[in-house]
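Undergrad: Just passing along the structure, written as structure tokens.
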Amino acid sequence: MPRQVSQRELSRLPSFLQDAGEPFHAIRLPSCFVSLRVDSHIYLTNASSLIDDFSVVGLVTNHSVIYSMFYIHYKNMFLKTQKIGVNVSEIVLYLMCPRKVYYSCRGHETFPAATFSYIGHLILKEMGLKYPDLLKTYSSKDDDILADLETMLLRVSEELAFIYPEEFACVSSDMIEEAITHVRSCINDMGPNLLSFITDDSSGQLREQLMSAESGHLYHSEKLDLSGIPNSIIDIDGTLSPLLVKTGQCPEQGVWNNDRLHVASLAMLMEKSNNSHVRSGIVVYARQGSIRNVNVRSDDRRKVLQVLGRVRKVKGGSLPDRKESSLCEDCAYLEMCKVQSSLVSKFF
Numbered sequence: 262m263p264r265q266v267s268q269r270e271l272s273r274l275p276s277f278l279q280d281a282g283e284p285f286h287a288i289r290l291p292s293c294f295v296s297l298r299v300d301s302h303i304y305l306t307n308a309s310s311l312i313d314d315f316s317v318v319g320l321v322t323n324h325s326v327i328y329s330m331f332y333i334h335y336k337n338m339f340l341k342t343q344k345i346g347v348n349v350s351e352i353v354l355y356l357m358c359p360r361k362v363y364y365s366c367r368g369h370e371t372f373p374a375a376t377f378s379y380i381g382h383l384i385l386k387e388m389g390l391k392y393p394d395l396l397k398t399y400s401s402k403d404d405d406i407l408a409d410l411e412t413m414l415l416r417v418s419e420e421l422a423f424i425y426p427e428e429f430a431c432v433s434s435d436m437i438e439e440a441i442t443h444v445r446s447c448i449n450d451m452g453p454n455l456l457s458f459i460t461d462d463s464s465g466q467l468r469e470q471l472m473s474a475e476s477g478h479l480y481h482s483e484k485l486d487l488s489g490i491p492n493s494i495i496d497i498d499g500t501l502s503p504l505l506v507k508t509g510q511c512p513e514q515g516v517w518n519n520d521r522l523h524v525a526s527l528a529m530l531m532e533k534s535n536n537s538h539v540r541s542g543i544v545v546y547a548r549q550g551s552i553r554n555v556n557v558r559s560d561d562r563r564k565v566l567q568v569l570g571r572v573r574k575v576k577g578g579s580l581p582d583r584k585e586s587s588l589c590e591d592c593a594y595l596e597m598c599k600v601q602s603s604l605v606s607k608f609f
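Right, here's the structure in full:
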């Protein structure tokens, strides 16, 4: 049944639709359609996808003209002079799954389920952020690093509800204990790796860089129209550089390609503020207590620019091809992803 469009929904309309006149009514159509009547009545999609997706179709009747356009055509016609801003987190999300960017930027944002594995991820992240503090107070003569990590684990567990109040609003104490137990099982890997890092003479310079870590803050580049926040900021040879904390498994050597591009995107972003080239960064794999240096290469920068362009296309309305992976099964967008397709997906 048609319903009145609220002022809040009306404010989200492109100006050329807002000026078409009133009254406005909405009817349920496929989520990609919007229709305009020549008598100044507008029939819109359901509010969850309001004016976010258009398709190319034209239908003429005696009293109405229904126009549907590709969203990308709308962008080309009305937003040619507007550059689409991108956050570094969207680059990271695109590298995981391009379609997640498409859905998240159209109001279909989801929040991670409060499972013990997600709580464990948060605990590991906070522990990884505290590694520099541990190194500042540790010496090669100390051999009780496992006990120190246990103390850190308990302290972090107590702090989580204050750092992530929304996530922990409905989390049971049993789930938190399960997550703590899971992370505790990782300490036997963390300890030896961190101790090796502390005692290895070849890691001396990297240790000094890590101990300079300070909390990250927002960076923005007008030229790239890119924003982002590193987990921490470190001093590498007099240049402020990014430090990232990852909670997944680390590779045997170096860093994962997606993590490399994450570092590179932040390096490119920070250069404007630094007034100098950012040549490297650090990735902390908190689960294993492994700390890796990353040199930012020209090829990394080139790939970041390519991905940045693709993210803008997705945010502009292009739906990438659906690619099956082991991560699809637990994805919050799974049902939506199964049914949607796009004629412009060939660009991806």
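Numbering (the numbering used here), first residue to last: 262 to 609.
By construction, the Cβ of each residue, glycine as well, lies at the ideal position given by its N, Cα and C atoms.
1. In the DSSP assignment, the alpha helix (DSSP H) including H382 goes from what residue to what residue?
2. Note down, one range per segment and in chain order, each alpha helix (DSSP H) of at least 4 residues found wholly within the segment 479-551.
3. Could you pull the DSSP bridge partners for E475 from this structure?
4. Suppose contacts are defined by Cβ-Cβ distances below 8 Å. Is V506 in contact with G381 by that definition?
5. Closest to S579 by CA distance: which of S350, E351, P359 and S586 is it?
6. By how many angstroms is the C-alpha of K599 removed from the C-alpha of K386?
7. Within 10 Å of its beta-carbon, does S512 have 16 or more other beta-carbons around it, so buried, or fewer, so exposed?
8. Please return the same chain residues whose Cβ sits closer than 7 Å to the Cβ of E475, not counting the five positions on each side in sequence.
9. Along the chain, which unbroken stretches of the alpha helix (DSSP H) at least 4 residues long are found entirely within the segment 412-455?
10. Considering Cα atoms alone, identify which of P581, C592, L455 and L569 is closest to V353.
11. Is the Cβ-Cβ distance between V555 and V545 less than 8 Å?
12. Hey, would you say V539 sits closer than 8 Å to S482, going by beta carbons?
13. Hey, L485 and M529 are a contact pair by Cβ (cut 8 Å); roughly how many whole angstroms apart?
14. Determine whether the beta carbon atoms of G489 and L456 lie at a separation below 8 Å.
15. Quick check on R553: does DSSP put it in helix, strand or coil?
16. Under a Cβ-count criterion, where at least 16 other Cβ atoms within 10 Å of its own Cβ denotes burial, should S446 be classed as buried or exposed?
17. Can you tell me the Cα-Cα spacing of Y304 and V575, whole angstroms?
18. Leaving aside the five residues before and after R583 along the sequence, list all residues of the same chain whose C-beta is less than 7 Å from its C-beta, in chain order.
19. Among all the DSSP beta bridges, which residues are the ones paired with V347?
20. At which residues does the alpha helix (DSSP H) containing G578 begin and terminate?
21. How would you call A408, buried or exposed, if buried means at least 16 neighbouring beta carbons within 10 angstroms?
22. Using 10 angstroms around the beta-carbon of A430, count the other beta-carbons present and answer buried if the total reaches 16, otherwise exposed.
23. Taking the alpha-carbon positions, what's the V557 to E532 distance?
24. What are the start and end residues of the alpha helix (DSSP H) that includes S365?
25. Are R610 and V347 close, meaning C-beta to C-beta below 8 Å?
26. Going by beta-carbon coordinates alone, are D561 and A593 separated by less than 8 Å?
27. Within this structure, are the beta carbons of L410 and G452 separated by less than 8 Å?
28. Mark L414 as exposed unless 16 or more other C-beta atoms lie within 10 angstroms of its C-beta, in which case mark it buried.
TA: Here's the rundown:
1. Numbered from 1 along the sequence shown, position 121 holds the residue referred to as residue 382. Counting along the chain, the alpha helix (DSSP H) containing H382 begins and ends at F377 to T398.
2. Runs of alpha helix (DSSP H) with 4 or more residues, each lying fully within the segment 479-551, are found at 518-535, listed in chain order.
3. Position 214 of the sequence shown holds residue 475. DSSP, once it has assigned bridges, lists I494 as partnering E475.
4. Stepping through the sequence shown from its first residue, residue 506 is reached at position 245. Stepping through the sequence shown from its first residue, residue 381 is reached at position 120. Contact: no.
5. Looking up residue 579 in the sequence shown gives position 318. Of S350, E351, P359 and S586, the residue nearest in Cα terms is P359.
6. Locating residue 386 in the sequence shown gives position 125, where the first residue counts as 1. Locating residue 599 in the sequence shown gives position 338, where the first residue counts as 1. Their backbone Cα atoms lie some 32 Å apart in a straight line.
7. Mapped onto the sequence shown, residue 512 falls at position 251. A quick correction: the sequence has Pro, not Ser, at residue 512. The residue is exposed, with fewer than 16 neighbouring Cβ atoms inside 10 Å.
8. The residue given as residue 475 occupies position 214 in the sequence shown. S493 and I494, listed in sequence order.
9. Entirely contained in the segment 412-455, the alpha helix (DSSP H) runs reaching 4 residues are, in chain order, 434-445.
10. Here residue 353 refers to the residue found at position 92 of the sequence shown. Closest by alpha carbon: L569.
11. Taking the sequence shown and counting its residues from 1, the one referred to as residue 555 is at position 294. Taking the sequence shown and counting its residues from 1, the one referred to as residue 545 is at position 284. No, Cβ-Cβ distance for V555 and V545 is not below 8 Å.
12. Taking the sequence shown and counting its residues from 1, one reaches residue 539 at position 278. Taking the sequence shown and counting its residues from 1, one reaches residue 482 at position 221. Taking 8 Å as the Cβ cut-off, V539 and S482 do not qualify as a contacting pair.
13. Taking the sequence shown and counting its residues from 1, the one referred to as residue 485 is at position 224. Taking the sequence shown and counting its residues from 1, the one referred to as residue 529 is at position 268. In this structure, L485 and M529 form a Cβ contact; the two beta carbons are roughly 7 Å apart against a cut-off of 8 Å.
14. Along the sequence shown, one-based indexing puts residue 489 at 228. Along the sequence shown, one-based indexing puts residue 456 at 195. At a Cβ-Cβ threshold of 8 Å, G489 and L456 do not count as neighbours.
15. The residue labelled residue 553 in the question sits at position 292 within the sequence shown. Three-state DSSP puts R553 in a strand.
16. For this step, residue 446 is matched to residue 185 along the sequence shown. With fewer than 16 Cβ atoms within 10 Å of its Cβ, S446 is classed as exposed.
17. Within the sequence shown, the letter at position 43 stands for residue 304. Within the sequence shown, the letter at position 314 stands for residue 575. Only weak support exists for where Y304 lies, its pLDDT of 38 falling under 50; the value from the coordinates is given anyway. Taking the straight line joining both Cα atoms gives about 25 Å.
18. Here residue 583 corresponds to residue number 322 of the sequence shown, with the count starting at 1. The residues are R360 and C598.
19. Locating residue 347 in the sequence shown gives position 86, counting from the first residue. Note: V347 sits in a beta bridge opposite L487.
20. For the purposes of this step, residue 578 is taken as the residue at position 317 of the sequence shown. Under the DSSP assignment, G578 falls outside any alpha helix (DSSP H); it carries neither an H nor an E label.
21. Taking the first residue of the sequence shown as 1, we reach residue 408 at position 147. With fewer than 16 other Cβ atoms within 10 Å, it is exposed.
22. Counting from 1 along the sequence shown, the entry for residue 430 is found at position 169. Exposed.
23. Taking the first residue of the sequence shown as 1, we reach residue 557 at position 296. Taking the first residue of the sequence shown as 1, we reach residue 532 at position 271. Straight-line measurement puts the Cα of E532 at about 12 Å from the Cα of V557.
24. Reading the sequence shown from its first residue, position 104 is the one you call residue 365. Looking at the DSSP string, the run of the alpha helix (DSSP H) that includes S365 is P359 to S365.
25. The structure shown does not extend to residue 610, since the chain is modelled only from 262 to 609, so the question has no answer here.
26. Here residue 561 corresponds to residue number 300 of the sequence shown, with the count starting at 1. Here residue 593 corresponds to residue number 332 of the sequence shown, with the count starting at 1. Taking 8 Å as the cut-off, the beta carbon of D561 is found no closer than this to the beta carbon of A593.
27. Mapped onto the sequence shown, residue 410 falls at position 149. Mapped onto the sequence shown, residue 452 falls at position 191. It is a contact, given that the beta carbons lie within the stated cut-off.
28. Translated into positions along the sequence shown, residue 414 becomes position 153. L414 is buried by the Cβ-count criterion.
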